[in-house]
Structure formats: C-alpha cells, structure tokens
Amino acid sequence: MLPDGKNLVIDAKVSLTAYERLISAEDEADRPGLLRDHIRSLKAHIDELATKDYTSHSELRSPDFVMMFVPIEASLSLALQSENDLFVYGWDKRIILVTPTTLLMSLRTVANLWRHEKQSQNVLEIARVGGQLYDKFVGFLEDMEGIKKSLERTLETHGAAMNKLSTGRGNIIGRVEEMRKLGAKTEKQIEGNLLGGE
Numbered sequence: 097m098l099p100d101g102k103n104l105v106i107d108a109k110v111s112l113t114a115y116e117r118l119i120s121a122e123d124e125a126d127r128p129g130l131l132r133d134h135i136r137s138l139k140a141h142i143d144e145l146a147t148k149d150y151t152s153h154s155e156l157r158s159p160d161f162v163m164m165f166v167p168i169e170a171s172l173s174l175a176l177q178s179e180n181d182l183f184v185y186g187w188d189k190r191i192i193l194v195t196p197t198t199l200l201m202s203l204r205t206v207a208n209l210w211r212h213e214k215q216s217q218n219v220l221e222i223a224r225v226g227g228q229l230y231d232k233f234v235g236f237l238e239d240m241e242g243i244k245k246s247l248e249r250t251l252e253t254h255g256a257a258m259n260k261l262s263t264g265r266g267n268i269i270g271r272v273e274e275m276r277k278l279g280a281k282t283e284k285q286i287e288g289n290l291l292g293g294e
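Letter by letter, the sequence shown follows residues 97 to 294 of the working numbering.
In structure tokens:
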C-alpha cells in the first residue's frame, strides 16, 4: 500500500531451489545444466506472474507491472550474466526483476512518477478552473457593458423628458415658476439651472 490509495504488487515467492543446487554443486561439469535450470525457474516464475494479471484486479490501483523480488542479488546477477535478455523477457511480460539493492530505488521511481502524474492532473484542473473563471469574467464584463448602455439610454430618456419640460414657448417649468411669482404659496423653489437661465 502506498500513499494516495495507490498499490504496488511485489511478488516475493520466487523459488531459488535451482540456484541452491547450482552453488552447492561440487562437480563443475554439472554447473552449466544447473545454471540453465536456475534460469528456467526464474522464467517459469515470470510466466506464472504474467498469467495472474494483478493489474486488472478491481481493488488495486497499481501500474501495469508487477515487481518480482529476487532476495539474493548473486542469484539474479548470475542468471543475467548467462542470459542477458532475461530482464527484457520479464519486461515484455510486465514483470520487473528487483533485488534488495534495486527495490527501494524502484519504489522511489514509481512514487516520483505518480507525483508527476498528480502534478499533471493538478495542472489540467488549474487550466479547467482558470478557463471557467475567465469565461465568468468575460460574462461579467459583458454585463457591465450592458449596464453602461442601459444607463446611457436612461440618461438620454431623462434628457429628452427634461427638454419637454423646460424648452419652447409655454414650457411647463416656466409656467409653474410663473405661478410662484404670482403668489402661489410654496415651501420650495425650482433650482436656477432648471429654469433655463431665468
């Protein structure tokens, strides 16, 4: 189990029986055959792991490979010296061969890859949210422009209405002001700028 609900499958059940027979062999003539048995044993375990298809398991969130842990460095090293495409054989079947030395480094590599993937997802999310924010802002600017035009129309309508009250012979403002001058009882007075210079 790894952080963020991630999983990494590490198989540690590799058989080293053939390797034990190889290093225990007293007769040098037996060693080539025992080495081939050891390599066959490793390949058989790779094949077995490939058929298990851990990566399709619904409860696991893991990369599409399994780590095959070989606990004795020398056993894998000897096999790779004799058959240098053994690692590729596993890789092609999505099985990565690891030893005590390479396991921790491999785990850190996978963790870094997941971190980069998460950062990439964050960048995509920032771009998505930023795009939404931009669209909202453009909508806000369009609304503000609409308000401005509406205010301009309102001012034009107001000006036209005021012109009807204050211009021409017998305009309403002039007539009402004339009533005050004639002695109508008032508490307020029309401001001078509305009287058209009177």
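Cβ atoms here follow ideal geometry from the backbone N, Cα and C, with glycine treated the same way.
Note that this is a predicted model, so its numbers are computed, not measured.
Burial state of residue i (16 or more Cβ within 10 Å)
i: F236; result: exposed
i: G227; result: exposed
i: G255; result: exposed
i: I192; result: buried
i: S120; result: exposed
i: L172; result: buried
i: A114; result: buried
i: M240; result: exposed
i: A280; result: exposed
Continuous alpha helix (DSSP H) stretch holding residue i: start and end
i: I135; result: 127-148
i: F90; result: Since the first and last residues shown for the chain are 97 and 294, residue 90 lies out of range.
i: V272; result: 268-277
i: G177; result: For the record, residue 177 in the displayed sequence is Gln; it is not Gly. Its alpha helix (DSSP H) spans residues 169-178.
i: Q118; result: Just to set this straight, residue 118 is Leu in the shown sequence, not Gln. From DSSP, the alpha helix (DSSP H) with L118 extends over 113-120.
Residue i, enclosing beta strand (DSSP E) - first and last residue
i: L193; result: 191-194
i: V162; result: 162-165
Beta-carbon proximity of residue i to residue j, cut-off 8 Å
i: L118; j: H134; result: yes
i: V110; j: V166; result: yes
i: P128; j: E169; result: no
i: R190; j: F161; result: yes
i: Y185; j: K148; result: no
i: Q285; j: R276; result: yes
Beta-carbon separation (whole angstroms), residue i vs residue j, contact threshold 8 Å
i: L291; j: I268; result: Incorrect: roughly 12 Å between the Cβ atoms, too far for contact.
i: V206; j: Y150; result: Rounded, the Cβ-Cβ distance is 14 Å, inconsistent with contact.
i: L145; j: D107; result: 6 Å
Cβ-heavy atom distance, residue i to the ligand GTP, below 7 Å
i: S120; result: With respect to the ligand GTP, the structure shown offers nothing to examine, as it has no ligands at all.
(message) Within 8 Å, do at least three Cβ pairs link the stretch 223-236 to the stretch 166-185?
(response) Counting C-beta pairs with one atom in each stretch, the stretch 166-185 and the stretch 223-236 have fewer than three that are closer than 8 Å, which means they do not touch.
(message) Does the stretch 243-252 come into contact with the stretch 197-214, if we say contact requires no fewer than three beta-carbon pairs (one atom in each stretch) closer than 8 Å?
(response) No: fewer than three Cβ pairs fall under 8 Å.
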